[in-house]
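**Student:** Just dropping this structure here.
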Amino acid sequence: MATVLHLETGQQPNDEETPEDTLTAKDNTRTCPQRVQPPRFRDETPRVFLTPRSLRELDHRNKLNPAPSPTEIYGCARDLVRFARNGGPDIRHLRGCADARFTHKASSTVSITSSPPPFIERDERMAKRTSAYDGNFAAELANAAIYVKPCHMPDGRKALKPNNLEDICARLLEPSNALPPPMVLSSMFDSFEKFDFEVQEATVSSMVMPFLIGDRRFPHQQDAVFTNMAPFTDNRTVRAQPDYFEGAKSDSIHKLVKQDLNELIIPTKHVVYPIVPNFFLELKGHGGMQIVATKQVCYDGAHGARAIHALQNYGKTEPEYDGNAYTISWTFSNGSLEVYVHHTTAPVTEGGLPEYHMTLLGVYPLSLSYDDFIQGLRAFQNSRDIANEYRMQFIEQANQQASKEATASTTTGDTAVSLHARVDGAPRQRSIDDCSPRFPKRPSESSSQSSNIKSYPTRKTRRLSAVVEDAGPSASGEGTGDM
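Following full-length UniProt numbering, the numbering of the sequence shown begins with 1 at its first residue and continues without gaps.
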């Protein structure tokens, strides 16, 4: 029998209006062949919601299982009359049994035309990816230790809040020099009320963005798909595609850092796009589902928290977790702004995955009053400054570590020449392979949760190991004893 599915309260899934057949969260125009999720997804997810894809999977499994034959009941008419007086006979044993008349007719038709096709395991590579519009998206994120809400944490554990939560909240309330004069703000509020009821997300994005961003420009990009970042799952979820994100210029980070942390800090292969994103914004039109935007920023923020954590631990033997939040995200829906922070914590079990938590800081109803409008804009601008300060702080820290390793590698290269001279009898010119570091292999899609890297080996360590391997056993002191 198929597994009983639970219904998610408060949501009305619509198979025609929700872009579930897309490969990205925002591209609603692309179409793809009808594909289904791998069967093991339903078995691994503790709670499955009644989405259209889940119902199709249930129908598929029911067709594979033969219908149980009803138990025959023998009784006399007198007993049936007595049962009828008391409410009728107990027919609970007939639940789930197909009508024998229709079942026999259907089986006869199939046997005449063709034999039943054999069951073939569906190709998981063609499985459709889950998006934030799917009720099972939060469960997929929870499997990757990304928690949208505290209720999604396993074992009923209490949600962890960042240690610097009060500091960030205090900074959001500080006055901001990025806001325009009061007369301009009053005019902006009047204009904002006019398009507050726009339904189309693209229209809201084009109108709201100038109000929020203003004249200040950090390195940013809109509606970019994170095709270069390592996936958190076995490609069972769509790629992150925030409506707006801010990061750092590519040339502000040391070349060695970008090479070593490529898939952790670089969202796309476009050289002009920002890297190390840690500020995100998701927008929805009037009447849009806020829960979808919340799940999207949770997914976006996990990428940002992982990028900052990789920079923070660059060059360290073991990763450190300070419990602070360095990534900020916002959602705009139905005239209100919501701000979240994201932080990373250590795995709770040995060999487990790092956990990514999202914490709500505040809600700003911009359309409620002029004062709320000003407070929301002030907090938004201050959060951009906070995210930029954190971003540049860890970039500078990683750049200093990379410069030290680059200087040390020069000395290591000279040592490699002398080692080769002792092995071969004469110094030889080093090739590029002799000096190149041994980078970790690209995480394979078949390895579950392989992208949550728990250690960031130093470049210096890899160079030293490469030199010892090239030098041979004589250089390391092995193989010189008597036979």
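Note that beta-carbon positions come from the ideal geometry of N, C-alpha and C, so glycine has one too.
Thinking C-beta only, is Phe-49 closer than 8 Å to Asn-136?
**Tutor:** Yes. Within cutoff.
**Student:** By DSSP's criteria, Thr-331 is part of a beta bridge. Which residues make up the other side?
**Tutor:** Thr-331 is bridged to Glu-282 and Glu-338.
**Student:** Quick check on Ile-291: does DSSP put it in helix, strand or coil?
**Tutor:** If DSSP states are grouped into helix, strand and coil, Ile-291 belongs with the helices.
**Student:** Quick one: residues in its chain with C-beta nearer than 7 Å to the C-beta of Arg-239, no 5 flanking neighbours on either side, listed in chain order?
**Tutor:** Thr-24, Val-225, Phe-226 and Thr-227.
**Student:** Flag this pair as touching only if the region 154–169 and the region 319–327 have three or more C-beta atom pairs under 8 Å; answer yes or no.
**Tutor:** Segments in contact, yes.
**Student:** Can you tell me which residues form a DSSP beta bridge with Tyr-147?
**Tutor:** Per DSSP, His-357.
**Student:** Short check: CB of Gly-376 to CB of Leu-366, under 8 Å?
**Tutor:** Going by C-beta atoms, Gly-376 is nearer than 8 Å to Leu-366.
**Student:** Is the region 376–390 touching the region 334–351, taking contact as three or more C-beta pairs under 8 Å?
**Tutor:** Touching, yes.
**Student:** Report, in whole angstroms, the separation of the C-beta atoms of Thr-345 and Leu-160, which I expect to be a contact under 8 Å.
**Tutor:** With 8 Å as the limit, Thr-345 and Leu-160 qualify as a contact, their Cβ atoms being about 6 Å apart.
**Student:** Do Pro-274 and Glu-246 have their beta-carbon atoms positioned less than 8 Å apart in this structure?
**Tutor:** For Glu-246 and Pro-274, yes; Cβs fall inside 8 Å.
**Student:** Helix, strand or coil for Tyr-370? Go by DSSP, reduced to three states.
**Tutor:** Helix at Tyr-370.
**Student:** Can you give me the Cβ contacts of Thr-109 inside the same chain, cut-off strictly under 7 Å, excluding the 5 residues immediately before and after it?
**Tutor:** Confidence in Thr-109 is poor, its pLDDT being 45 and thus under 50, which makes the residue's placement too unreliable to answer from.
**Student:** Please state whether DSSP places Thr-407 in a helix, a strand or coil.
**Tutor:** It is helical.
**Student:** With DSSP run on the structure shown, which of helix, strand or coil describes Thr-227?
**Tutor:** If DSSP states are grouped into helix, strand and coil, Thr-227 belongs with coil.
**Student:** Look up Pro-364 in the DSSP assignment and give the residues it is bridged to.
**Tutor:** Before going further, note that residue 364 is Tyr rather than Pro in the sequence given. Partner(s): Leu-337.
**Student:** Ile-308: buried (16+ other C-beta within 10 angstroms of its C-beta) or exposed?
**Tutor:** Buried, because 16 or more other Cβ atoms sit within 10 Å of the Cβ of Ile-308.
**Student:** To the nearest whole angstrom, what separates the beta carbons of Ala-248 and Arg-216, a pair I think is in contact under 8 Å?
**Tutor:** The Cβ separation is near 15 Å, so there is no contact.
**Student:** Report the rounded CA-to-CA distance for Lys-460 versus Ile-374, giving the unit in angstroms.
**Tutor:** The predicted position of Lys-460 is uncertain, since its pLDDT is 48 and thus under 50; no value can be drawn from it.
**Student:** Leaving aside the five residues before and after Ala-398 along the sequence, list all residues of the same chain whose C-beta is less than 6 Å from its C-beta, in chain order.
**Tutor:** Within the same chain, Ala-398 has close Cβ partners Val-257, Leu-311 and Tyr-314.
**Student:** Pick helix, strand or coil for Ser-108, following the three-state DSSP scheme.
**Tutor:** With a pLDDT of 47 at Ser-108, under the threshold of 50, the modelled position of this residue cannot be trusted, and the question is left open.
**Student:** Does the distance from the CB of Ala-402 to the CB of His-342 come in under 8 Å?
**Tutor:** Taking 8 Å as the Cβ cut-off, Ala-402 and His-342 do not qualify as a contacting pair.
**Student:** Considering only DSSP beta bridges, list what Ile-275 is partnered with.
**Tutor:** Answer is Ala-248.
**Student:** State the Cα-Cα distance for the pair His-357 and Pro-181, rounded to the nearest angstrom.
**Tutor:** Cα to Cα, the separation comes out at about 37 Å.
**Student:** Just list the residues that DSSP pairs Ala-325 with in beta bridges.
**Tutor:** Its beta-bridge partners are His-343.
**Student:** Relative to the C-alpha of Val-292, which residue among Arg-92, Tyr-133 and Glu-193 is closest?
**Tutor:** Val-292 has its Cα closest to that of Tyr-133, out of Arg-92, Tyr-133 and Glu-193.
**Student:** Evaluate Glu-282 with the Cβ neighbour count: other Cβ atoms within 10 Å of its Cβ, from every protein chain shown; 16 or more gives buried, anything less gives exposed.
**Tutor:** The residue is buried, with at least 16 neighbouring Cβ atoms inside 10 Å.
**Student:** I need the straight-line Cα distance from Ala-170 to Ile-386, nearest angstrom please.
**Tutor:** Each residue's alpha carbon lies about 11 Å from the other.
**Student:** Sort out for me which residues DSSP pairs His-220 with in a bridge.
**Tutor:** Partner(s): Glu-246.
**Student:** Have a look at Thr-410 and Lys-404 and give me their C-alpha separation to the nearest angstrom.
**Tutor:** Each residue's alpha carbon lies about 10 Å from the other.
**Student:** For Tyr-299, which residues in the same chain have their Cβ closer than 6 Å to its Cβ, ignoring the five residues on either side in sequence?
**Tutor:** Around Tyr-299: Ala-240.
**Student:** Can you name, in chain order, every residue of its own chain whose Cβ lies under 8 Å from the Cβ of Asn-388, other than the five neighbours on each side?
**Tutor:** Contacts found: Phe-218, Glu-246 and Phe-279.
**Student:** What three-state label does DSSP hand Arg-82 in the structure shown?
**Tutor:** Reduced to three states, the DSSP call for Arg-82 is helix.
**Student:** With Thr-237 and Arg-85 assumed to form a contact (beta carbons below 8 Å), what rounded beta-carbon distance in angstroms separates them?
**Tutor:** Not a contact, Cβ separation roughly 58 Å.
**Student:** Taking 8 Å as the threshold (C-beta atoms), are Phe-211 and Met-183 in contact?
**Tutor:** No.
**Student:** Can you tell me whether Arg-438 is buried or exposed? The criterion is at least 16 other CB atoms within 10 Å of its CB, across all chains shown.
**Tutor:** Residue placement at Arg-438 is flagged as unreliable, the pLDDT there being 35, under the threshold of 50; the coordinate-derived value follows with that caveat. Per the 10 Å Cβ criterion, exposed.
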